[in-house]
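First comes the structure, then the notes that go with it.
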Amino acid sequence: MNETMDTSALKQLFTEARTHNGWLDKKVSQEQIEQLYQLTCLGPTSANCSPARFVFITSEEGKQRLAPTLSSGNLEKTMTAPVTVIVAYDRKFYDALPTLFPHGDAKSWFTSSEELALETAMRNSSMQAAYMILAARAMGLDTGPLSGFNAKAVDEEFFAGTSWSVNLIINIGYGDAAKLYGRLPRLPLEEACLYV
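Read left to right, the sequence shown gives residues 1 to 196 (the UniProt record's numbering).
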């Protein structure tokens, strides 16, 4: 269980993985989507709160509903992606805590503070989005996460009357390497990390 992954696995997950902006005309199956969720939901969240909710858009109708909410730079790559996932968070995620965290009364931790509940939902659903990206890469899929959209419009279109709110969007499929941009630089360790 605690063995280091081999170089090819690290390449697939990190060193050679890229954010994709164009897609091959190759479907992602329902079985792949289900496996993707099953892997994603195993990632840890605080008190197992699991606040992320996922809307898998695979139909033309769904894409057309999403289109007006997207920034112009994200429109084409989202319309052509085999799957687009709206990663949302449930502001009332704590209602599931009696089942998800039966060790104690975790629900009361969040019902007493709306600010804490929102912060927890946002932080943990962001982690779950990252798990989904890594799970997709592990399955041989490519991803293109984005945040260029009108959040209010997404919420009104997809989540009106619910306690769900959009966090981010991830396009998933088989990336077209011809449409990749050059890899952008990352901060060096000396600028991004401290030892104390």
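Note that the Cβ used here is the ideal one computed from N, Cα and C, for glycine as well.
Since we're looking at a predicted model, the values are computed, not measured.
Bounds of the beta strand (DSSP E) holding residue 54 are 52-57.
In the three-state scheme derived from DSSP, where H, G and I count as helix and E and B as strand, residue 28 is classed as coil. Residue 160 sits exposed, since fewer than 16 C-beta atoms from the chains shown fall within 10 Å of its C-beta. Of the other Cβ atoms in all chains shown, 16 or more fall within 10 Å of the Cβ of residue 53; this residue is therefore buried. In the three-state reduction of the DSSP assignment, residue 37 falls in the helix class, which pools H, G and I. Sorting 8, 17 and 5 by C-alpha distance to the C-alpha of residue 177 places 17 at the top. Residue burial annotation: residue 189 is exposed, with fewer than 16 other C-beta atoms found within 10 angstroms of its C-beta. Excluding the 5 residues flanking it on each side, residue 47 has same chain C-beta neighbours closer than 6 Å at 101 and 106, in chain order. For residue 173, the enclosing beta strand (DSSP E) covers residues 164-173.
Residue pairing by DSSP puts residue 149 in a beta bridge opposite 70. C-alpha of residue 45 to C-alpha of residue 80: approximately 32 Å in a straight line.
The DSSP-derived three-state label of residue 88 is strand.
Look at residue 6 here: in three-state DSSP terms it is coil, with no helix or strand label.
By the C-beta criterion, the region 119-138 is judged not to be in contact with the region 63-71, since fewer than 3 inter-stretch pairs fall below 8 Å.
The beta-carbon separation of residue 89 and residue 113, rounded to 16 Å, does not stay under the 8 Å limit for a contact.
Two segments are said to touch when three or more pairs of C-beta atoms, one from each, lie closer than 8 Å; by this definition the region 180-196 does not touch the region 25-39. In this structure the region 6-24 touches the region 134-147; the number of beta carbon pairs closer than 8 Å is three or more. Sixteen is the threshold: when 16 or more other Cβ atoms of the shown chains lie within 10 Å of the Cβ of residue 136, as they do, the residue is buried. Cβ neighbours of residue 51 within its own chain (closer than 6 Å, five residues either side excluded): 89, 90, 93, 121, 124 and 125.
Comparing alpha carbon positions, the residue from 168, 103, 154 and 6 closest to residue 147 is 168.
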